[in-house]
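Single-structure report; data block below.
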């Protein structure tokens, strides 16, 4: 017998509907649901996951036949978290060239370089992040200078995409990575000024094909011009890695002039340029822990960066600044620390969920909890921004994810040894 | 023997002076004479500490949750600091008249945090090439270098670490070399010179490194060592020389003691000074090592040459040999969750700290090795608690606080001075705005030797570094 129940829509967002048997369906009962949307926080709420989607969201939802029922006991459910910019799936281990695919070192500017084909959905790094509650991240290209006469990268590092942590690359989520600032001087012949000069030249090669320089003086290949054309036409997001206030101002001017769809990555001094960023609708993806003048580009770094940007109306998301993918679960901790330094809790959660989903064009799959939306969510043992809380269950596109990773297997193997020793 | 006696006298005078609360001190020129003696100078006689405990009024913190660092939690308790030292911890303590009273209601009090692995000052901010002073990567064995000679006291990172409750920290050379040089333990106080930060009476350490780093740095140059077996051969050659040097020293001392006026001391070698001091137990070995099998090799080597490893640092695979480390009385100094950034870190798990702690007689330490991590060692510990508890281990706060206080103090040879809130210890105390094992935790007050060095509501109390002074953008950072 199939239970059928009519629900009252207490929040005005639900409609009554019949609940049918659904293989693989999961009912999370009595959760505190942080929707990361205008619906806010839904207390004592049930979430029915079926057919990959959030089939229902409300009270006293009856479990369909065969559904797994989880008693959340009031614990928080949030959208799956954003892991920031990283080399997820393209850097299995640091310092090992055979498993590191994020950097092109041909010495020439190749915006057509896209790291996405190198993405390995089987990388064990994905599993470690996934059991930490991360469900989507931006796979990033990173430019590195050459060494000892060998060619290196350029200020256009290449392209990447949004990946879900079930191993799916999200179509049409491409981003182009551009470095400016002191760190990028080594990629542009030794001067920060040359970064803007080279960008101008590359753009003019696309904009004014009739006045192309001779082959040996061009920056871009035909494929590179084609790629850059797409970004100049607004297809795809340009990610500018910039920290110093003066560089961010240069980027704002460039973005306005070329009408780019852009985001600032890093932005340690973005708080000093917050009104301009807000007016230009340029979001900032920052590491809120940056508070030391580790370089002269970030002398103004402060733990209040996130709070100040938010207050000024700049859309923010969080990322570690090191693109190494292994510890991207730490992004959650950075959000909690931003709260300790003045960012409202809800804004911090948004910076881990709905904001990055909107910034990177995946809001139709990630970042919010709403009826009919793909079920991309996490059940937590406690406050999701608290370091002592851990993810208990993770769902991506409605699929319950294994909570096992290579790390949990190592843990279990050696826990046995420890117990045997302690018992001696 | 006269010279040695003089050395002991000076050492005693120094310690006494430092323990006193008055500003009166031993003349700074005296220890220099010790350097002139032909036998091995005691490391603490050289480049001596000029840190003096400042005068401070007595302080009592009332009605707080106190984690003593000895494994005890006392709720609704008072902590009394008098003359720079912990006087007592308990309920309804009598405070001297005129004592500063801090309302600790809702607050937690812990011993000052100790980071056993920091490169502040030797890899300071800004990290420009001119400031890169942490690795003397020109030879795989440089026991002759001392980290303190690289420490830049103006590193703004000392101040941000203080805001995280760090009251003492060990500054180590980097890990490019098999033997990287001597470390120094500092009190986290502002000073123009590193001598003004130097922890009085703290033993020096010696940094050694296993594994990938030395073999990569030198292997890439096609020089020795390029393999792990090369690494071990490299250490052993040094220890053999150190043993001979020490034997020659001792023979010379014996001859001299017997009145042999022709006795000649062995030629002074500052590399071997360091290594011989390790073999004598005066300098403690801090060993950067990731893999379990390599740590076991190092333990065998320490037995071959007769020294003790104070701690394995990073020790990403310590959880695989938690029993072996505990049986050998060796601490593991670890990150909470770093892994994968190189092959030897591939097996890192976030239960590492909790597993090392769980072994009977285990000694777990949370370290930073990072100017960011040192600002919140309490949160690193909190993560380790959470993962450990999920694995079924019981880790109350009064136990976990030892990872940041008593255990690093023990490993540094300083447990008689710091690391717990026991009577007579240095008044290094942190008052937290709540349970320190939380992402929202902030230090409200930090005392060092009884002096208030940090007050969250009064940032002007802690001087900013000369470097940040006048940097226009820094105005919002250091109000």
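Protein chains in written order, with this note's numbering: chain A, 1 to 424; chain B, 1001 to 1479. Glycine included, every Cβ here is placed at the ideal spot set by N, Cα and C.
For residue j and residue i, believed in contact at Cβ under 8 Å, the rounded distance
i                       : j                       : result
residue 160 of chain A  : residue 221 of chain A  : Rounded, the Cβ-Cβ distance is 19 Å, inconsistent with contact.
residue 279 of chain A  : residue 306 of chain A  : At roughly 19 Å, the Cβ-Cβ gap does not stay under 8 Å, so residue 279 of chain A and residue 306 of chain A are not in contact.
residue 1208 of chain B : residue 1174 of chain B : Actually they do not touch by this definition, with Cβ atoms about 12 Å apart.
residue 1151 of chain B : residue 1171 of chain B : 6 Å
Residues bridged to residue i [DSSP beta-bridge criterion]
i                       : result
residue 449 of chain A  : Since the first residue of chain A shown is 1 and the last is 424, residue 449 of chain A is not available in this structure.
residue 139 of chain A  : A:86, A:161
residue 56 of chain A   : A:48
residue 1332 of chain B : B:1312, B:1364
residue 1210 of chain B : According to DSSP, residue 1210 of chain B bridges with nothing at all.
residue 1179 of chain B : B:1141, B:1208
residue 395 of chain A  : A:377, A:400
residue 1426 of chain B : B:1085
residue 1168 of chain B : B:1114, B:1187
Selected residue, minimal CA-CA separation from residue i, among the options
i                       : options                        : result
residue 1376 of chain B : B:1158, B:1457, B:1399, B:1177 : B:1158
residue 1088 of chain B : B:1424, B:1207, B:1442, B:1142 : B:1424
residue 318 of chain A  : A:85, A:139, A:206             : A:85
residue 1215 of chain B : B:1198, B:1234, B:1204, B:1202 : B:1234
residue 948 of chain B  : B:1439, B:1325, B:1434         : Chain B is shown only over 1001 to 1479; residue 948 of chain B falls outside these bounds and no answer can be derived.
residue 1086 of chain B : B:1464, B:1458, B:1448         : B:1448
residue 336 of chain A  : B:1354, B:1291, B:1383         : B:1383
residue 25 of chain A   : A:404, A:320, A:399, A:411     : A:399
residue 132 of chain A  : A:378, A:55, A:215, A:75       : A:378
residue 1248 of chain B : B:1232, B:1231, B:1276, B:1258 : B:1276
residue 140 of chain A  : A:148, A:110, A:174            : A:174
residue 1282 of chain B : B:1388, B:1354, B:1412, B:1139 : B:1412
residue 1353 of chain B : B:1294, B:1364, B:1169         : B:1364
residue 408 of chain A  : A:35, A:343, A:130, A:71       : A:130
residue 1149 of chain B : B:1131, B:1301, B:1161         : B:1131
residue 330 of chain A  : A:388, A:186, A:256, A:420     : A:388
Short CB-CB distance (under 7 Å) between residue i and chain B
i                      : result
residue 331 of chain A : no
residue 421 of chain A : yes
residue 414 of chain A : yes
residue 342 of chain A : no
residue 294 of chain A : yes
residue 386 of chain A : yes
residue 390 of chain A : yes
residue 327 of chain A : yes
residue 411 of chain A : yes
residue 226 of chain A : no
residue 361 of chain A : no
residue 47 of chain A  : no
residue 104 of chain A : no
residue 336 of chain A : yes
residue 299 of chain A : yes
Any chain A beta carbon closer than 7 Å to residue i
i                       : result
residue 1197 of chain B : no
residue 1341 of chain B : yes
residue 1476 of chain B : Residue placement at residue 1476 of chain B is flagged as unreliable, the pLDDT there being 46, under the threshold of 50; a coordinate-derived value is accordingly withheld.
residue 1383 of chain B : yes
residue 1355 of chain B : yes
residue 1127 of chain B : yes
residue 1292 of chain B : no
residue 1133 of chain B : no
residue 1261 of chain B : no
residue 1390 of chain B : yes
residue 1090 of chain B : no
residue 1024 of chain B : Annotation note: pLDDT 35 at residue 1024 of chain B (below 50); position unreliable, coordinate value reported separately. For residue 1024 of chain B, the answer is no, since every Cβ of chain A falls outside 7 Å of its Cβ.
residue 1396 of chain B : no
Proximity test, residue i beta-carbon vs the ligand FAD heavy atom, cut-off 6 Å
i                      : result
residue 247 of chain A : Of the ligands one can find in the structure shown there are none, so the ligand FAD has no counterpart to examine.
The region 1046–1065 of chain B touching the region 1099–1114 of chain B, judged by at least three CB pairs closer than 8 Å: The answer is yes - the region 1099–1114 of chain B touches the region 1046–1065 of chain B, with three or more Cβ pairs under 8 Å.
Cβ contact (3+ pairs, closer than 8 Å) linking the region 382–400 of chain A and the region 96–105 of chain A: no
Validate contact between the region 1073–1087 of chain B and the region 1221–1228 of chain B using beta carbons, cut 8 Å, 3 pairs: Touching, no, given that fewer than three Cβ pairs across the two stretches are closer than 8 Å.
Sufficient close CB pairs (3 or more, under 8 Å) joining the region 66–83 of chain A to the region 187–199 of chain A: no
Contact between the region 1396–1405 of chain B and the region 1113–1126 of chain B (3+ Cβ pairs under 8 Å): yes
The region 308–326 of chain A / the region 88–97 of chain A touching (three or more Cβ pairs under 8 Å): yes
Any 3 or more C-beta pairs closer than 8 Å across the region 166–181 of chain A and the region 230–250 of chain A: yes
Segment contact flag, the region 1310–1317 of chain B with the region 1344–1354 of chain B, C-beta cutoff 8 Å, min 3 pairs: yes
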